[in-house]
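Under the numbering used here, the first residue of the sequence shown is numbered 4, with each subsequent residue one higher. Glycine residues also receive a C-beta, built at the ideal position from the N, C-alpha and C atoms. Before any comments, here is the structure.
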Amino acid sequence: MFVEILISVGLLTVVFFEFYPIKVLKVENCKLREKFRKVNQKSFVVHVHTLFSYDSLGKPEEVEKVAQTLGVDKVFITDHDREDLKGFFPPSDRLVFGWEYQDGKYGRLLKLAEGKYTVIAHPNNEKKTLYRFKNLYESHFFYELVDLKDVLQGSKFSLKLYFFLRSLVLYPFLKLKALNFFPKLIPLNRWVEVYLKRTRGELKIIGGLDHHVKLSFWEKPKKFFSIPHYKWSFYILQNKTFGEDVFSSLNSGRFYLSFCSTEVYVEGNRVLVNRKRYLTFNHLASGKVSVNTCGRIEEGTKVVAIYGYTLRVGKLFFGLTPLAVFRWDVTSAKGG
Numbered sequence: 004m005f006v007e008i009l010i011s012v013g014l015l016t017v018v019f020f021e022f023y024p025i026k027v028l029k030v031e032n033c034k035l036r037e038k039f040r041k042v043n044q045k046s047f048v049v050h051v052h053t054l055f056s057y058d059s060l061g062k063p064e065e066v067e068k069v070a071q072t073l074g075v076d077k078v079f080i081t082d083h084d085r086e087d088l089k090g091f092f093p094p095s096d097r098l099v100f101g102w103e104y105q106d107g108k109y110g111r112l113l114k115l116a117e118g119k120y121t122v123i124a125h126p127n128n129e130k131k132t133l134y135r136f137k138n139l140y141e142s143h144f145f146y147e148l149v150d151l152k153d154v155l156q157g158s159k160f161s162l163k164l165y166f167f168l169r170s171l172v173l174y175p176f177l178k179l180k181a182l183n184f185f186p187k188l189i190p191l192n193r194w195v196e197v198y199l200k201r202t203r204g205e206l207k208i209i210g211g212l213d214h215h216v217k218l219s220f221w222e223k224p225k226k227f228f229s230i231p232h233y234k235w236s237f238y239i240l241q242n243k244t245f246g247e248d249v250f251s252s253l254n255s256g257r258f259y260l261s262f263c264s265t266e267v268y269v270e271g272n273r274v275l276v277n278r279k280r281y282l283t284f285n286h287l288a289s290g291k292v293s294v295n296t297c298g299r300i301e302e303g304t305k306v307v308a309i310y311g312y313t314l315r316v317g318k319l320f321f322g323l324t325p326l327a328v329f330r331w332d333v334t335s336a337k338g339g
C-alpha cells in the first residue's frame, strides 16, 4: 500500500512539473502562412570563465573542444579582472578574449573582444549588492537580459530540484535534450518588462552563461571531465545571428537569444520557429503585451519573446517554455 501511494505521488509530481507553468492567456488565434526554413546563422556564447578566474577551473582547451563539438562559432571569455591574458590563451579562431570587472560608475560590466563591446552584467540579480543595476549606462552598452547563474539563484528550490532529478534520470538516454526543462526556470517575460522600464528598449540585449567550472579533470583532449560541463550551458543558451557573421551582428544588434537549440528567422513582420506550435509575445513600448499564434510582430513592439507549450485547452496553456527572445528594430524591420 505504501509503495503504491509513493508511486502515485511520484507520478503526480512528474505530471505537475511537466505541465508547469499553467497560464490563462488572451491570445489572438491566427494561422501561420509560411513554414520554417533553415537559414545560415552563426552562434556565439558570452560570459564564460576559465581557470584564469579565481573561482573557476575550466581549461581553454576544453572550451575550444566543446564549442567545436556543438558548432558554436565564437566563445567570449570574460575572466575576472584579467586584462592581461591574451598571450596565455592558445591560438584560436573561436575563443575571443575579454574580462569581467566592477566599474565604479556603472557597476558590474563585461568587456568583450578586448574591450570593444561593453555588457551590463547581472542586471536581474537583486541579491548581490555588487550586481545591482545602477540605472546608468551608455547608449552603446549591451544589457545581459538572461544570465544562467542568476536564473539558478533566483528560481524556486522545487523547480531546481525537479530539473536536477529529471536531468539525472533522462541524461543517459536523451543526452543534452534532457536539459530542455531548464528554460522553464527563466522568468523571461518579467525580465523583459523590467528591461523596458529601465532602458525603454534603447540597449541591445544579449544572453550570458556566467559559466564557472568547479571540478575539473583533464588528461588529454579526448579524456576530460568537468562539473558543471561547458556543453550543458552552451546547449541551454546561445546567441544566434540573423544571417550575418558574429561581429557584424554585435555591431547591428541583429541576433537573438536561443534556448535549447531553438532556431528563429524573421520574414517581414513574421517570426518563424523550428517548432510545431508556439506563441509570440509582443512587448510594446507602451508596456502592453499582445500574444498571437501566427508569429506576427505588432507595430510598436520593442521586444519579441517566443514561447512553446505542451497543451492548450481554450485560454489555458500548459507547460509554457521560453524558446527565444530578441529586440525588435522597427526602423529596419529586422531583429536587432
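Residue from the options with nearest C-alpha to residue i
{"i": "lysine 29", "options": "Gly322, Thr283, Ile80, Phe245", "result": "Thr283"}
{"i": "arginine 280", "options": "Lys77, Thr296, Leu9", "result": "Thr296"}
{"i": "serine 255", "options": "Ile209, Lys234, Val99", "result": "Ile209"}
{"i": "valine 149", "options": "Trp331, Leu326, Val18", "result": "Leu326"}
{"i": "leucine 54", "options": "Thr81, Asn32, Ser46, Lys41", "result": "Thr81"}
{"i": "threonine 121", "options": "Gly204, Thr132, Asn272, Ser142", "result": "Ser142"}
{"i": "leucine 191", "options": "Tyr134, Leu9, Pro24", "result": "Pro24"}
{"i": "lysine 38", "options": "Pro175, Leu260, Leu218, Gly298", "result": "Gly298"}
{"i": "serine 56", "options": "Leu260, Phe100, Val69", "result": "Phe100"}
Residue i: first and last residue of the uninterrupted alpha helix (DSSP H) it sits in
{"i": "proline 175", "result": "160-177"}
{"i": "glycine 13", "result": "5-21"}
{"i": "glutamate 67", "result": "63-73"}
{"i": "lysine 234", "result": "233-239"}
{"i": "serine 251", "result": "249-255"}
{"i": "lysine 152", "result": "151-157"}
Residues bridged to residue i [DSSP beta-bridge criterion]
{"i": "histidine 286", "result": "Val292, Val306"}
{"i": "histidine 214", "result": "Val51"}
{"i": "glutamine 105", "result": "Arg111"}
{"i": "proline 24", "result": "Bridge partners of proline 24: none, in fact."}
{"i": "serine 46", "result": "Lys243"}
{"i": "glutamate 31", "result": "Asn295"}
{"i": "glutamate 270", "result": "Arg273"}
{"i": "lysine 207", "result": "Phe145"}
{"i": "phenylalanine 228", "result": "Phe220"}
{"i": "threonine 265", "result": "Paired residue(s): none; threonine 265 is not in a bridge."}
{"i": "proline 325", "result": "Tyr310"}
{"i": "leucine 98", "result": "Val78"}
Inter-residue CB distance, residue i and residue j (contact presumed, cutoff 8 Å)
{"i": "lysine 207", "j": "phenylalanine 145", "result": "5 Å"}
{"i": "arginine 97", "j": "glutamine 105", "result": "Going by Cβ atoms, the distance from arginine 97 to glutamine 105 rounds to 28 Å, so no, they are not a contact pair."}
{"i": "asparagine 242", "j": "serine 46", "result": "7 Å"}
{"i": "valine 49", "j": "leucine 115", "result": "7 Å"}
{"i": "valine 276", "j": "alanine 308", "result": "That belief does not hold up - the Cβ atoms of valine 276 and alanine 308 are roughly 12 Å apart, past 8 Å."}
{"i": "isoleucine 239", "j": "leucine 182", "result": "6 Å"}
{"i": "histidine 188", "j": "phenylalanine 166", "result": "The question names histidine, but residue 188 is leucine in the sequence shown. Confirmed, about 7 Å."}
{"i": "valine 51", "j": "valine 78", "result": "6 Å"}
Limits of the beta strand (DSSP E) - the one that residue i falls within
{"i": "leucine 191", "result": "That residue, leucine 191, is in no beta strand (DSSP E); its alpha helix (DSSP H) goes 191-202."}
{"i": "threonine 313", "result": "Note, threonine 313: premise wrong, no beta strand (DSSP E); not H, not E."}
{"i": "serine 261", "result": "258-262"}
{"i": "leucine 319", "result": "319-321"}
{"i": "isoleucine 80", "result": "77-80"}
For this session: At 4 residues or longer, and completely inside the segment 109-149: list those alpha helix (DSSP H) runs for me, N to C.
Result: Runs of the alpha helix (DSSP H) inside the segment 109-149: none found.
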